[in-house]
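Peer 1: I have a structure here, written as structure tokens, and I will follow up with some questions on it.
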Amino acid sequence: MAKHELIPLPYAENELEPVISGKTLSFHHGKHLLAYVNNLNALLPGSGMEDLSIEEIVKKADGGILNNAGQVMNHNLYFKQFRKPQNDNAPAGKLGKLIQEQFGSFEAFKDEFTKKGATLFGSGWVWLSIDKQGKLVITQEPNASNPIQKGLAPLLTFDVWEHAYYLDYQNRRPDHIAALWQIVNWEEIESRIPAL
Ligand code: MN
Numbered sequence: 004m005a006k007h008e009l010i011p012l013p014y015a016e017n018e019l020e021p022v023i024s025g026k027t028l029s030f031h032h033g034k035h036l037l038a039y040v041n042n043l044n045a046l047l048p049g050s051g052m053e054d055l056s057i058e059e060i061v062k063k064a065d066g067g068i069l070n071n072a073g074q075v076m077n078h079n080l081y082f083k084q085f086r087k088p089q090n091d092n093a094p095a096g097k098l099g100k101l102i103q104e105q106f107g108s109f110e111a112f113k114d115e116f117t118k119k120g121a122t123l124f125g126s127g128w129v130w131l132s133i134d135k136q137g138k139l140v141i142t143q144e145p146n147a148s149n150p151i152q153k154g155l156a157p158l159l160t161f162d163v164w165e166h167a168y169y170l171d172y173q174n175r176r177p178d179h180i181a182a183l184w185q186i187v188n189w190e191e192i193e194s195r196i197p198a199l
């Protein structure tokens with residue numbers, strides 16, 4: 004059977020500082036994500052889903068397999084979307100244009116995304132996705148959910164589980180979300196837009 008692997012980080016553990024500390028990344032990637040990968044590999048034998056991709060498992064599974072596969076898929080997209088902090092970091096190209104057209108401005112988009120992340124009750128994820136008509140959608144997804152379960156293509160996500168920010172920001176989730184805009188790799192996000 005295919006074994007799911009812990010993805011390598013595409014940057015050094017301290018490269019996202021001061022937005023995300025090396026200590027947080029070390030625990031978040033090396034402990035939390037690793038546990039979801041190991042749990043998924045332990046649950047899959049006998050499920051009939053041993054050879055499916057992570058996306059196919061998330062669309063099909065329920066219970067413990069869905070929870071762990073969802074968290075593996077969510078974290079893989081999350082960790083791959085960052086780069087070292089930049090001032091005035093903003094999307095350009097096709098994605099920048101779509102955001103401008105559909106939200107009015109990048110600032111208006113950030114405000115709505117930030118508000119949805121800050122007000123998500125409990126643990127979960129705020130997502131920017133694109134639907135099959137090419138329309139951008141912001142959703143709050145509880146726990147391990149992913150917009151792919153609703154037929155959307157996931158583009159950008161902020162993890163608002165406390166383990167993502169508590170060491171660096173304690174209870175200040177809105178401050179953490181505000182800082183994350185400095186490290187979004189917008190070229191990576193644009194590359195996730197499926198061909199229509
Ligand atoms: Mn997490």
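Mapping to my numbering: the sequence shown position 24 is 27, numbers consecutive.
Virtual Cβ for every residue (Gly too), placed ideally from N, Cα, C.
For clarity, every value in this text was computed on a predicted model and none was experimentally measured.
Against chain D, with Cβ distances strictly below 8 Å, would residue 118 count as a contact?
Peer 2: Among the chains in the structure shown there is no chain D, since it carries only a single protein chain.
Peer 1: Would a C-beta distance cut-off of 8 Å place residue 69 and residue 147 closer than the cut-off?
Peer 2: yes
Peer 1: Please list the segments of the alpha helix (DSSP H) lying wholly inside the stretch 76–120, counting only runs of 4 or more residues, in order along the chain.
Peer 2: Note on the stretch 76–120: whole alpha helix (DSSP H) runs with a minimum of 4 residues are 96–106, in chain order.
Peer 1: I need the boundaries of the alpha helix (DSSP H) containing residue 177, first residue and last residue.
Peer 2: 176–183
Peer 1: For residue 72, I'd like the list of residues in its chain whose CB is within less than 7 Å of its CB, leaving aside the five on either flank, ordered along the chain.
Peer 2: Close CB contacts of residue 72 within its chain, under the 7 Å cut and outside five residues either way in sequence, are with 43, 57, 60, 61 and 64 (chain order).
Peer 1: Is any heavy atom of the ligand MN found at a distance shorter than 7 Å from the C-beta of residue 35?
Peer 2: It does: the Cβ of residue 35 is within 7 Å (strictly closer) of some heavy atom of the ligand MN.
Peer 1: Would the C-beta of residue 182 count as close to the ligand MN, meaning under 7 Å from any of its heavy atoms?
Peer 2: no
Peer 1: Is the Cβ-Cβ distance between residue 166 and residue 78 less than 8 Å?
Peer 2: no
Peer 1: I think residue 40 touches residue 75, with their Cβ atoms under 8 Å apart; what is that distance to the nearest whole Å?
Peer 2: 6 Å
Peer 1: Does any heavy atom of the ligand MN sit closer than 7 Å to the C-beta of residue 130?
Peer 2: no
Peer 1: In whole angstroms, what separates the C-alpha of residue 3 from that of residue 154?
Peer 2: Given a span of 4 to 199 for the chain in the structure shown, any question on residue 3 remains unanswerable.
Peer 1: The alpha helix (DSSP H) with residue 126 in it runs from where to where?
Peer 2: Unbroken run through residue 126: none, as it is neither H nor E.
Peer 1: Compute every distance between the C-beta of residue 171 and the non-hydrogen atoms of the ligand MN, then say whether any falls below 7 Å.
Peer 2: Every heavy atom of the ligand MN is 7 Å or more from the Cβ of residue 171, so no.
Peer 1: Spatial neighbours of residue 101 within its chain, please: C-beta separation below 7 Å, excluding the five flanking residues on both sides.
Peer 2: Around residue 101: 139.
Peer 1: Out of 110, 163, 136 and 180, point me to the one whose CA is closest to residue 197's CA.
Peer 2: 136
Peer 1: Output the boundary residues of the alpha helix (DSSP H) element that contains residue 191.
Peer 2: 189–194
Peer 1: Would residue 106 and residue 188 qualify as a contact pair, given that the criterion is a beta-carbon distance under 8 Å?
Peer 2: no
Peer 1: In or out: residue 145 buried (at least 16 other Cβ within 10 Å) or exposed?
Peer 2: exposed
Peer 1: Cα-Cα, which of 110, 181, 177 and 168 is closest to residue 28?
Peer 2: The residue with the shortest Cα to Cα distance from residue 28 is 168.
Peer 1: With distance defined between alpha-carbon atoms, name the residue in 12, 132 and 30 nearest to residue 98.
Peer 2: 132
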